[in-house]
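Below is one structure, written out as structure tokens; the observations come after it.
Now the structure itself:
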């Protein structure tokens, strides 16, 4: 079911099913890889949604969580940088159209 939920882009349910499969003793590499990828993608989605809703504390925490799941991930690093730019622009500290 976890793999089906991944195909359906339902990452929260995919993580749930794959976690339950692992807990039940199903420790195949494909399950471990799918669970790790689903957790990362779900966390990135949650981070992006939080930032888009101007929930900067939650967004920043989720991007940092994504970096813990995949250290040096370009996606997570870019997300964190985008989060910082948006937060700074809203707080009036920096113009988001300029780069540093």
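Residue numbers (our numbering): 38 to 137. Beta carbons: idealized from backbone N, C-alpha and C, even for Gly. Every value quoted in this text rests on a predicted model; they were computed, and no experiment measured them.
Within 10 Å of its beta-carbon, does residue 52 have 16 or more other beta-carbons around it, so buried, or fewer, so exposed? When all chains shown are included, residue 52 counts as buried.
DSSP three-state call for residue 83: helix, strand or coil? The answer is helix: DSSP assigns residue 83 an H, G or I state.
Check whether residue 113 and residue 99 have beta carbons under 7 angstroms apart: Not closer than 7 angstroms, so no.
If you follow the alpha helix (DSSP H) that residue 124 is part of, which residue opens it and which one closes it? 111-127 is the extent of the alpha helix (DSSP H) around residue 124.
Could you check if residue 87 is buried or exposed, using at least 16 other CB atoms within 10 Å of its CB as the buried criterion? That one is buried.
Is the Cβ-Cβ distance between residue 120 and residue 97 less than 7 angstroms? In contact: residue 120 and residue 97 (Cβ atoms closer than 7 angstroms).
Note down the Cα distance separating residue 128 from residue 62, rounded to an integer number of angstroms. Distance between the alpha carbons of residue 128 and residue 62 is about 48 angstroms.
Assign residue 107 to one of three DSSP states: helix, strand, or coil. Coil at residue 107, not helix or strand.
Quick check: what's the CA-CA separation for residue 43 versus residue 67? Rounded to whole angstroms, residue 43 to residue 67 spans 13 angstroms at the Cα level.
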